[in-house]
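Here's the structure, in C-alpha cells; my notes come after.
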Amino acid sequence: MEYIALAIPLFFLLIGLELAWSAWKGRKVYRFNDGIANLGCGIGSQVVGAFTKTVVFAVYLYLYDNWRLFTLENSMLTWLITFLLVDLLYYWFHRLSHEVNFLWAAHIVHHQSEEYNLSVALRQSWWQGLFSFWFYTPIALLGVHPLTILTVGAFVTLYQFWIHTKAIKDLGWLEWILNTPSHHRVHHGSDPKYIDRNHAGTLIIWDKLFGTFQREEEEPIYGITTPLRTWDPVWANFHYWAELIALARRCGDWRDKLRVFVQRPGWRPQELGGFEGPTRKDRTRYKKFDTEVPRRWMYFAAFQFVVLVGVTAWFLFQQDTIPEMWQWVLGATILWWVMELGMLLDGRRLAFLSVPLRSALLAVVAWMVLPTPIALTLTALLLVAALPAAPLGLKNAVRE
C-alpha cells in the first residue's frame, strides 16, 4: 500500500495549519520560493521512487523467500521487534549518510533548505531509497514478512514529518525518549556543534546510546555549510555528485580518486590541502539565499505548481494503468516541470520558453493514455496554463 502517497493530503493540510500558525504569531516561517523548491524535490522523489520501488521490493522479497533463517509469526512481539530493528537500522543509515561522501550525496538534498518548516520534511533526495534499502535487508533474513516491514518503515518515515517545525518548543519528558522537533532542529543546523548530531528516526535513545546526541541550545542556522544558491530541484539532486567527480578528477593518485567517495564530507588528499572542516557562520552577517522575481511570476509559478500536484497525484495512483513507455515519458516530463519551476523562481526567463514545450509533451501523453474527453479537458487546461508564458518567453529568452 502507498502509505506515503496516501498521506499527501494530510501533509498539505498540516502545512496550511503551520502557515496559519506563523501568520497568527507574526513569524515568517515560510518563503514562497523555498517552499516550492522543497515540494518540487518531494514530487521528484515520489516520481523516481515509483520506478525504483519495484526493484527494491523485489530484492527484499527474494531474500525473504529464499534466504530467511526464521519465519516470524504475525504477532505484537514481531511488530515491536521489527519497529526497533527498523528504527535502529535507520539510525545507522542516517548517520553514515552524514559520514560517507557517496551516501551524503544521496541525502544532502534534505538539508539544503535554509528554513525549517513542514515543507522541509518533504524535501527528499531522488536517490536515497536506492542506498537506504540495503540497510534493511538483514530483516528479510530474520523472516520479517515484507508487508510488515513496509508498514513499519512507512510509520518511521511518516513520524518524521511532524518534527520539522518551529511551532513546538519542547515536549517535556518525551524529549528523553522520542525524536522531537527540538532534537531534529539540531540535526538540520549547520553550526559546527550541531553538524552530524541527532540522527534518530523515532527514538532519540539511539543517539544517546551511540554518542551523537546534542541538546538544542541557541536556534540553529539551518541548511548546509555551502548554500546551494538555486531553487532548481534537479541541480539540487546532482550538484554534490558533480562536486565529488570534480574533486576525484583533481586527485593524482587513483586510490585517492576512490577515497573521495567513501571518506567524510570535507576530506581531501594532502596534495589538495587535506581535510577541510566546516566553518562557523557569522550570525550577524549571515544572509539566506534569495531571489527577487516579479510578483506575476510568482502567481504564475503557484498556478503551475497546483496543476503539477494534480498531474503527479494522478500519475502516482494510476501508474499501473499506464503503458510502460508512457510511464517513463510522463515521469520525465514531471521532472522537467519541477526544474522549470526552479528556473522560474531563479529569475531565468528561459523558463517561459520551456512551458509551452513541456505542456505540448504532456498533452501528447494525455492523448495517448487517457479517454478522449479527459484528454481534451487536460489539453485545454494546459493550453490555458501555457498561454501567459509563450509571449514573454519568446520576447525575453534571448536576454539570458
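To convert, note that position 353 of the sequence shown is 355 in this note's numbering; the numbers rise steadily by one, no gaps.
C-beta: ideal position from N, C-alpha, C; glycine also.
DSSP lists G191 as the beta-bridge partner residues of Y224. Three or more beta-carbon pairs separated by less than 8 Å are not found between the stretch 253-262 and the stretch 315-330, which leaves the two stretches without contact. In the DSSP assignment, L180 is bridged to L205. Taking a cut-off of 8 Å on C-beta distances, the stretch 119-127 touches the stretch 11-28, as three or more cross pairs fall below it. Using a Cβ distance threshold of 9 Å, I141 and T84 count as a contacting pair. Taking C-beta atoms as the reference points, F95 and F137 count as a pair closer than 9 Å. Pairing F133 with S99 gives a Cβ-Cβ distance under 9 Å.
Under the rule that a run must span 4 or more residues, the alpha helix (DSSP H) segments found entirely inside the stretch 323-355 read 326-347.
In the three-state reduction of the DSSP assignment, S134 falls in the helix class, which pools H, G and I. Taking 9 Å as the cut-off, the Cβ atoms of A108 and L318 do not count as close. Excluding the 5 residues flanking it on each side, L363 has same chain C-beta neighbours closer than 6 Å at T335, in chain order. Looking only at F212, T167, L173 and Q162, the smallest Cα-Cα distance to G203 is reached by Q162. Distance from S361 to A388 at the Cβ level is roughly 4 Å; contact confirmed, criterion being Cβ atoms closer than 8 Å. For T214, there is no enclosing alpha helix (DSSP H), since its DSSP letter is neither H nor E. V111 has its alpha-carbon roughly 17 Å from the corresponding atom of V188. By the CB criterion at 9 Å, N68 and T293 fall outside the cutoff. Here the C-alpha atom of E117 lies approximately 44 Å from the C-alpha atom of R70. Cβ-Cβ distances below 7 Å link L65 to T139, A142 and L143 in the same chain, with the five nearest sequence neighbours on each side left out; the list follows chain order. Ranked by Cα distance from P235, the options E342, T167 and I179 are led by E342. Counting C-beta pairs closer than 8 Å gives fewer than three between the stretch 199-214 and the stretch 230-245, which falls short of the contact rule.
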